[in-house]
Amino acid sequence: MKYHNEIQRRRTFAIISHPDAGKTTLTEKFLLFGGAIQIAGAVKSNKIKKHATSDFMEIERQRGISVATSVMSFEYNDILINLLDTPGHKDFAEDTYRTLTAVDSVILVVDSVNGVEDQTRRLMEVCRMRDTPVIVFINKMDRDGKNRFDLLEEIEKELKISLHPMTWPINSGKDFKGVYNLHDHNLRLFTANTKAVDEDDVTAIEDINDSLLEKKIGEADAAILREDIELVDGVNGPLDVEYYLAGQVAPVFFGSAINNFGVKEMLDTFIEIAPTPRSRETTSRLLDVEEEKLSGFIFKIHANLDPKHRDRIAFLRVCSGKFQRNKYFHHVRLDKDVRFSNPYSFMARDKSIIEDAYAGDVVGLFDTGNFKIGDTLTEGENFYFTGIPSFSPEIFKEVVNKDPLKTKQLEKGLLQLTDEGVAQLFTQFGGNKKIIGCVGELQFEVIQYRLLHEYGASVTFNSMPFYKACWLTSKDPKKLLEFTRFKQANIAEDKDGHVVYLAQSEWFLNTEITNNPDITFHFTSEIH
Ligand code: GDP
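Residues in the sequence shown are numbered consecutively from 41, following my numbering.
The following block contains the structure:
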């Protein structure tokens, strides 16, 4: 229990949303409350506006930076909050999914006008895989949004999670008057406010039948609110935090991030109920978060886009024990002891060298090519953390080497870029074709650009007619071998030597699944 107090003090989470719902705006308000920034507008959106590589490169360069904004640590009411950033662009969704393996909870932002959108759905699927606790923030209440009941029903149905409203809105759009806090029994009147300070106009109204309500919001709205609350309270009762922690119920707040309305209210609840770093499953045993020996895993690798500096930054999520600068730790995959003289932390948005870190923290490690996603550091024991998923890519292209003299560089580049998790690499059986699979077109442009600029390798791509990769396993090795022989043109090996079936279409895939009951088709593969 040596590090008990340090662990209890930490909350590590991510804000997730469909692009444009308000993630950047909300992040900024959190940082203002945490004193990590002083002025609004300091957090730059990481959005890619145009569909162009140059745009991506430019953003990455400006962010240089995205290393610094990858993790934002700040203190609020003596709680140390580690907020992990996730790219909003769908072509980088896989990066986001992996980041979600490194957090203990999430805040999901939903746009009250658009409701549940594509990315919201996919992100929640990943959260559900890990039973990650979720708090929902329904944003943009200052705009004419969907009916509050319809919206909640839509979220519950589409995201397959029960909701528990913590606050209740009074109208929306230009008639938005504020929210009633069902938990603290107070009325928070809406004022457009973009400043850092919390200037909400709050009145305690213990009894919802108090005539003070009429004075504050008028007769008609008071009547509607009372009716609404009767309905909602009747269904809900107080929030059961255990259900929230088990990922079964999501508390919901209504607000407007840009107006800093309802944000502090949520942050206060967040630090009260959000989980502290938890124990985690590994390939050999359950790892208790209170164990004194260090353990942690790499969930993200960030390349330095300056070709003169090929170094990268590997992000380590500490899961137990104490990380220390210059101390030797065991790199499980390489079976080698390594130490770090310049580990980064991310307090107050500046990279700064740290001496130590505890469970829940994220440490940036300089890397010259020793790490890949999913790698573990320990103090001697050999295990990996489970549940770090690899999803099926959606676009497949064969790599065509345009400069045979640079074959070695190309191979090195492909290996390193795929170690970073930029794309997945498959080698087709028989033909030895190298196939790259990505979630979005933009990644191919990034890979082409980086292979040329960082490795001097010139490539083009040939589209392949596949739409999904499935990892194959079978209790009967003979059956699997037979299948791979028979379907050679569709069989490949991933980087770790696992057998993969590349399907041309949903119809083909379903046919193979039906015709081969002895073979299991997996839609995700766990790195470990
Ligand atoms: P992200 O893509 O999820 O990071 O979204 P941003 O935080 O960049 O917000 C997208 C747009 O919505 C920006 O133009 C914001 O100014 C705007 N926005 C954010 N919060 C609110 C809000 O509460 N009300 C209104 N009307 N607009 C908002």
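Glycine is no exception: its CB is placed at the ideal position from the N, C-alpha and C atoms.
- State the DSSP-derived secondary structure class of His44, mapped to helix, strand or coil. helix
- Message: Whole angstroms are fine: how far does the CA of Ala260 sit from the CA of Arg357?
- Response: 52 Å
- By DSSP, does Gly218 sit in helix, in strand, or in coil? strand
- Query: Can you tell me where the beta strand (DSSP E) with Leu66 in it begins and where it stops?
  - Reply: Secondary structure note for Leu66: it is in no beta strand (DSSP E), and the uninterrupted alpha helix (DSSP H) holding it is 63–73.
- Query: Going by Cα to Cα distance, which pick from Met504, Ser503, Leu520, Pro505 is closest to Trp511?
  - Reply: Leu520
- Query: How many Å lie between Val111 and Arg138 at the Cα?
  - Reply: 14 Å
- Message: Quick check on the DSSP output: the alpha helix (DSSP H) that includes Val486 runs from which residue to which?
- Response: Note, Val486: alpha helix (DSSP H), 481–495.
- Message: The alpha helix (DSSP H) that contains Lys519, what's its start and end?
- Response: 517–526
- Message: For Thr126 and Ser57, what's the separation of their Cα atoms in angstroms?
- Response: 9 Å
- Task: Would you check if the distance between the CB atom of Asp151 and the CB atom of Asp60 is smaller than 8 Å?
- Result: Yes; because the gap between Cβ atoms is below 8 Å, this pair is in contact.
- Query: Should Phe469 and Ala532 be called a contact, given that it needs their Cβ atoms to be closer than 8 Å?
  - Reply: yes
- Query: Between which two residues does the alpha helix (DSSP H) harbouring Val272 extend?
  - Reply: 259–276
- Can you tell me whether Thr524 is buried or exposed, with buried defined as 16 or more other CB within 10 angstroms of its CB? buried
- Item | Cα-Cα separation between Arg161 and Val289, rounded to whole angstroms | 16 Å
- Task: Return yes when the Cβ of Lys527 is within less than 8 Å of the Cβ of Tyr495, no when it is not.
- Result: no
- Message: If you measure between the beta carbons of Leu148 and Met169, is that distance less than 8 Å?
- Response: The answer is no: Cβ separation not under 8 Å.
- Query: Ordered along the chain, which non-local residues of its own chain (more than five positions away) have a Cβ less than 6 Å from that of Asp135?
  - Reply: Pro127
- Query: Across which residues does DSSP place His562 in a beta bridge pair?
  - Reply: Looking at the DSSP output, His562 bridges to Trp511.
- Excluding five sequence neighbours on each side, which residues of the same chain lie with their C-beta closer than 8 Å to the C-beta of Tyr246? The sequence given here has Glu at residue 246, not Tyr. His225, listed in sequence order.
- Give the straight-line distance between the Cα atoms of Glu157 and Glu434, rounded to the nearest whole angstrom. 19 Å
- If you follow the beta strand (DSSP E) that Phe431 is part of, which residue opens it and which one closes it? Where Phe431 is concerned, the enclosing beta strand (DSSP E) starts and stops at 429–431.
- Message: With H, G and I counted as helix, E and B as strand and the rest as coil, what does DSSP make of Glu321?
- Response: It is a strand residue.
- Message: Spatial neighbours of Tyr368 within its chain, please: C-beta separation below 8 Å, excluding the five flanking residues on both sides.
- Response: Asp377, Val378, Arg379
- Query: What is the residue span of the alpha helix (DSSP H) that Asn555 lies within?
  - Reply: 546–555
- Query: What residues in its chain sit with their C-beta under 8 Å from that of Gly74, if we drop five residues either side in the sequence?
  - Reply: Phe114, Glu115, Tyr116, Ile121
- Nearest CA to the CA of Asp182: which residue from Val462, Asp250, Asp215, Lys63? Asp215
- Return the CA-CA distance between Ala397 and Lys362, expressed in angstroms with no decimal places. If you take the alpha carbons of Ala397 and Lys362, they lie about 6 Å apart.
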